[in-house]
Amino acid sequence: MIEDLIKTPMFRRVFPPIAGAIFMAVFASLGLWQLDRAAEKNALLRMFEGETPYARVSDFASLAEFARIQTDGEFLPDRQILVDNIVREGRPGYYVITPFRLTGHEPLLLVNRGWTPKAMTATASPPELAVMTNRRTVRGLIGRLPRVAIRPGEAFEGGEDWPRVAVYPRLDEVATALDVELLPMVLLLAPDEPDGFFRSWQPNISGPMTHYGYAVQWFAMATTVIVLLFWQLKKRRRRE
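To convert a position in the sequence shown, counted from 1, into our numbering, add 32.
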């Protein structure tokens, strides 16, 4: 029955334009979505590169990535995490992640205090991670833990001693290791803040040009559908 329907002149006349219109709408929508994503990336990059003052915050629920904030609390240096496989200028090292107890706020905030080089010999001492535990104000950018597309193995391997070395851990894995509740973000400590290591933060996002490229591809496909529809319509009129 379906084969008979496909062979009818009415089907051949009506179906191609309808299908073409649907595909054209889908391709155009995907192109517009990519333009929206590019605009979002541009906004994030402008926020990252901006020089707005560090705003004092107490509500962390609505903070955007790369927001510049300052907040009060105290470091908890007894349980720190060294994020491994972080390379700077060809040298391997760690990001030093230290929990920070906020004043008047229950979940802990993870603070990335920067990069420190890894000892090149097995007998070398671990990096010095000491930090004062007095109540203080810290400033920085709202960010996230470093991540990779494919992680080799588990985040935490062996040992329960602190500091613990981890390979690209997720936030929930850090919370489990610390046995605490964490805010869903990381504070990238400002370069001029004390008790930090090497800090030259870069936005870990793809640039807007990637999305512009995808948008061009989707719009090109929509244009191709339009051209094919007009070509078919012109061909049909010649036959008639």
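All C-beta atoms in this analysis are idealised placements derived from N, C-alpha and C, irrespective of residue type, glycine included.
- Cβ contact annotation for P48 (same chain, cutoff 7 Å, sequence separation greater than five): Q264, in chain order.
- Your pair P131 and L210 checks out as a contact, with CB atoms roughly 6 Å apart and the cut at 8 Å.
- Per DSSP, reduced to three states, the secondary structure at G191 is coil, with no helix or strand assignment.
- Inter-residue distance for T148 and R120 is about 9 Å (C-alpha atoms, whole angstroms).
- Shown here, P139 sits in coil according to DSSP, grouped into three states, outside any helix or strand.
- Counting only runs of at least 3 residues, the stretch 191-232 fully encloses the following beta strand (DSSP E) elements, listed from N- to C-terminal order: 196-198 and 214-221.
- By the Cβ rule, the stretch 185-203 does not count as touching the stretch 164-174, because fewer than three pairs are nearer than 8 Å.
- Sequence-distant partners of G105 (beyond 5 residues in either direction) whose C-beta falls short of 6 Å from its own C-beta, in its chain, are F132, R133, L134 and T135.
- Below 8 Å, enough C-beta pairs join the stretch 109-124 and the stretch 194-204 to call them touching: three or more.
- Beta-bridge analysis with DSSP links T148 to Y126.
- Judged by DSSP in its simplified three-state form, R69 adopts helix.
- In the three-state reduction of the DSSP assignment, Q102 falls in the strand class.
- Note: R120 is bridge-paired with R123 in the DSSP secondary-structure output.
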